[in-house]
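In numbering that gives the first Met the number 0, the protein residues as written are 0 to 575.
The beta carbon of each residue, even a glycine, is placed where N, CA and C say it ideally should be.
These notes are about the structure you will find just below.
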Amino acid sequence: MDRYERLMEFSRRRGFLWPSMEIYGGVRGFIDFGPLGTLMKHRIENKWRQFFIHRHAGLIFEIETPIVLPSRVLEASGHVEHFTDYLVECLSCGRKYRADHLVEQLTGIGGVESLSKDELNNIISERGLRCPECGGKLSDVKNFSLLFKTTIGPYSEDVGYCRPEAAQGMFLAFKRVYEACRGKLPIGIAQIGRVLRNEISPRQGPIRLREFTIMEVEFFFDPEDPKCPFFNECRNELLRIVPQSQATSKVFEPITISAGEAVDKGMISNEWQAYFMVLGRRFAESLGIPFNSQFFIDKPPQERAHYSAQTFDQVVKLERWGYVEIAGYAYRTDYDLGRHMVFSGVDLRVYKQFDSPRIERVTKYVPKIDVIRGKLGEKADGILKSIDPSILEVAFKREGFIEVGGIKLFKDDFDVLVEDVEVKGKHILPHVVEPSFGADRIVYATLEYAYGEKGGRTVLSLPRDIAPIQLIVLPLVSKDGLPEFALKVYRMLLDEGFTVDYDDSGSIGRRYARADEIGVPIAITIDYQSLNDNTVTLRDRDSWRQVRSPIDDLPLKLHKYFNYKLSFDDLGTPFK
0 MDRYERLMEF SRRRGFLWPS MEIYGGVRGF IDFGPLGTLM KHRIENKWRQ
50 FFIHRHAGLI FEIETPIVLP SRVLEASGHV EHFTDYLVEC LSCGRKYRAD
100 HLVEQLTGIG GVESLSKDEL NNIISERGLR CPECGGKLSD VKNFSLLFKT
150 TIGPYSEDVG YCRPEAAQGM FLAFKRVYEA CRGKLPIGIA QIGRVLRNEI
200 SPRQGPIRLR EFTIMEVEFF FDPEDPKCPF FNECRNELLR IVPQSQATSK
250 VFEPITISAG EAVDKGMISN EWQAYFMVLG RRFAESLGIP FNSQFFIDKP
300 PQERAHYSAQ TFDQVVKLER WGYVEIAGYA YRTDYDLGRH MVFSGVDLRV
350 YKQFDSPRIE RVTKYVPKID VIRGKLGEKA DGILKSIDPS ILEVAFKREG
400 FIEVGGIKLF KDDFDVLVED VEVKGKHILP HVVEPSFGAD RIVYATLEYA
450 YGEKGGRTVL SLPRDIAPIQ LIVLPLVSKD GLPEFALKVY RMLLDEGFTV
500 DYDDSGSIGR RYARADEIGV PIAITIDYQS LNDNTVTLRD RDSWRQVRSP
550 IDDLPLKLHK YFNYKLSFDD LGTPFK
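Right, dumping it as structure tokens:
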């Protein structure tokens, strides 16, 4: 077995993760997290909150929004039109494949993700590619929507979709959050939640899923003032970046550059984007993924999402899968807010006060009432009353139309007046940078980097703050009052908020081994000396060193230890 197979077997056996619906044969693209995996995943999510939300208190705010969205929302966002992959089908056995993956698998050609439908068809035809399962002829390549479709309520015409990203809920809530929490730019909105993508043929276990947890920030800032006040703190920190010119190659040669230099040279579009990339690199390192095993790929335009002006994929090296994306950093400009403003008819701009009044040229759109009535008849008056005139210029500039109540009105339906007026400020659409992390992939990557052996047995060397079980209490023997004393220590630590296990079965060596295997950072042993002087032995999972500490000191010291304010050696005196 390779490392992936060993790790998946271990994860099933010890309760981290396994394929979902196993008793029915399983369904690709879905996994269950077991008791230990769920604890670990939640700790990683909370650690992400520390990096991206809590340290920006008063600036970034977490919300929770629905998973099911009306079709109108995803039509406005562009997902109904653009969120597709290319599918090819075997005309003999009916097996379906993601076309670019199949071409890459059968030919070894790199960069096929960026190829068009016609280019993929040409390769399949010219190289005579056949179904790898039965050798049958392949169909023409066609579009396949990755959206899970549903209906909302009992009416089939009320179409909805399961969200493919958490972002749209945050864009829809922007106006509410802005007014309730800050009332000025910049401001960030964060969300952790489930998303669904109807992948064509997921075959990489926990790496490519149809349902997974995403951790995202939508950070809104003034495009005329894109300075990040935190950037000087990280300007000299290094990032490994694969430039666009290499991004389509299968052989990556990242350059190492400081965040400040990357911004100054225009390699990264703005300071906020670079700042979040530095945080993402630090976050991955804090999970045990070394600097040299991760880098950022600057995606070329043909590989970027429809909403993105610049996207970096943060990838980490995995033994079986090579370099795998764990996060993306997209500069979404004002695309999403602008689209929702046009499609909803609601002004999502923010007001920017000038230091002193200015004379500015203002464009006004006056409805051609007779023309609109001729088009809409009796609906016209109601439509005209519901139009917000302040958003017409943005709508016509971006999309060429404004939609109100499902009716589109175009620029030709209005007279255009331009005049110079004194203004004290202006309305602007914020721009957005988005760091987005896949929690499930991160859990797997963290497990792979932590999984190892020492002395012929498995040791899961997880960072102490994400280990699912923090402590285990072990009576040296199951007699002479040691179990009763150990249970008192166990309950005391539970009351202090630690996640604690208790084990009195088998030899002390076997119990240490079981604890090491599931990544428990510290084992606490109760022995005969404990009964006499109220001290215990603490054993470190990774070094196997031991120290002696008074029981009364444990809560405070252990809290500091798990917050990285004390080292293991600070917890007591060396064991003799």
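| request: On a CA-only basis, which of Pro69, Phe497, Val488 is nearest Tyr154? Give me that one, please. | output: Pro69
| said: Considering just the uninterrupted stretch of the alpha helix (DSSP H) at Phe353, what are its terminal residues? | reply: Segment 349-366 is the beta strand (DSSP E) holding Phe353; no alpha helix (DSSP H) there.
| In DSSP terms, what Cys161 is bridged to | Val67
| In its own chain, which residues sit with a C-beta less than 6 Å from the C-beta of Phe15, not counting the 5 before and 5 after it? | Gly33, Leu35, Gly36
| said: I need the boundaries of the alpha helix (DSSP H) containing His78, first residue and last residue. | reply: 78-81
| task | Label Phe409 either buried or exposed according to how many other C-beta atoms from any shown protein chain fall within 10 Å of its C-beta, with 16 as the threshold for buried. | result | exposed
| said: I'd like to check one pair, Val458 with Asp541: are the Cβ atoms closer than 9 Å? | reply: yes
| field | Assigned exposure category for Asp60 - 16 Cβ within 10 Å defines buried | value | Residue 60 is actually Phe in this sequence, not Asp. Classification of Phe60: buried, given that the 10 Å Cβ count is 16 or more.
| request: Spell out the partners DSSP gives Ala444 in its beta bridges. | output: According to DSSP, Ala444 bridges with nothing at all.
| field | Sequence ranges, beta strand (DSSP E) only - wholly within the stretch 2-65, length at least 3 | value | 16-18, 30-32, 59-61
| query | When DSSP builds the beta bridges, which residues end up paired with Phe413? | reply | Pro366
| CA-to-CA distance, Pro429 to Tyr177, given in whole angstroms | 11 Å
| said: Please give the ranges of any beta strand (DSSP E) in the stretch 265-299, keeping only runs that are unbroken, at least 3 residues long and fully inside the region. | reply: 293-297
| request: Using a threshold of 9 Å, state whether the C-beta atoms of Ala326 and Phe436 are closer than that. | output: yes
| said: My output table needs one value for Asn121: the three-state DSSP class, helix, strand or coil. | reply: helix
| Can the beta-carbon of Leu286 be found closer than 9 Å to that of Ile517? | no
| Nearest to Glu132 by CA position, among Asp500, Leu461, Gln104, Lys363, is which residue? | Gln104
| said: For the beta strand (DSSP E) containing Val432, name the first residue and the last one. | reply: 430-437
| query | Would you call Thr572 buried or exposed, if buried means 16 or more other Cβ atoms sit within 10 Å of its Cβ? | reply | exposed
| request: Would you mind sorting Glu447 into buried or exposed? The rule is 16 or more other CB atoms within 10 Å of its CB. | output: buried
| Can you tell me whether Asp297 is buried or exposed, with buried defined as 16 or more other CB within 10 angstroms of its CB? | buried
| request: Report back the beta-carbon spacing between Arg71 and Phe400 to the nearest angstrom; my notes put them in contact at under 8 Å. | output: About 15 Å; that fails the 8 Å criterion.
| query | What number of angstroms, rounded off, separates the C-alpha of Phe290 from the C-alpha of Glu483? | reply | 46 Å
| Which one or two residues does DSSP pair with Met214 in a beta bridge? | Ile191, Phe436
| task | Can you grab the Cα-Cα spacing for the pair Asp552 / His53, in whole Å? | result | 29 Å
| task | List the residues that DSSP assigns as beta-bridge partners of Phe230. | result | None; Phe230 has no bridge partner.
| If you pair each beta-carbon of the stretch 115-129 with each one of the stretch 89-103, do three or more pairs fall below 8 Å? | yes
| task | Please confirm if the stretch 306-314 is in contact with the stretch 350-359, defined as three or more CB-CB distances below 8 Å between the two stretches. | result | no
| message | With a threshold of 6 Å on Cβ separation, who are the neighbours of His305 within its own chain once the five nearest residues in sequence on each side are excluded? | response | Gly77, His81
| query | When the Cα atoms are used, what is the spatial distance from Asp515 to Gly455? | reply | 12 Å
| said: What would DSSP say about Ala173, mapped onto helix, strand or coil? | reply: Reading off the sequence, residue 173 comes out as Phe, not Ala. Looking at Phe173 - three-state DSSP - the assignment turns out to be helix.
| So does Gly496 have its beta carbon nearer than 8 Å to some heavy atom of the ligand SAH? | Absence of the ligand SAH from the depicted structure is noted, as is the absence of any ligand whatsoever, leaving it without description.
| request: Go ahead and label Ala273 buried or exposed: buried means 16 or more other beta carbons lie within 10 angstroms of its beta carbon, across all protein chains shown. | output: buried
| To the nearest whole angstrom, what separates the beta carbons of Glu112 and Met169, a pair I think is in contact under 8 Å? | With 8 Å as the limit, Glu112 and Met169 do not qualify as a contact, their Cβ atoms being about 27 Å apart.
| task | Could you spell out the range, first to last residue, of the alpha helix (DSSP H) harbouring Pro482? | result | 481-494
| query | Closest by CA to Phe29, which one among Asn562, Ile550, Asp439, Glu452? | reply | Asp439
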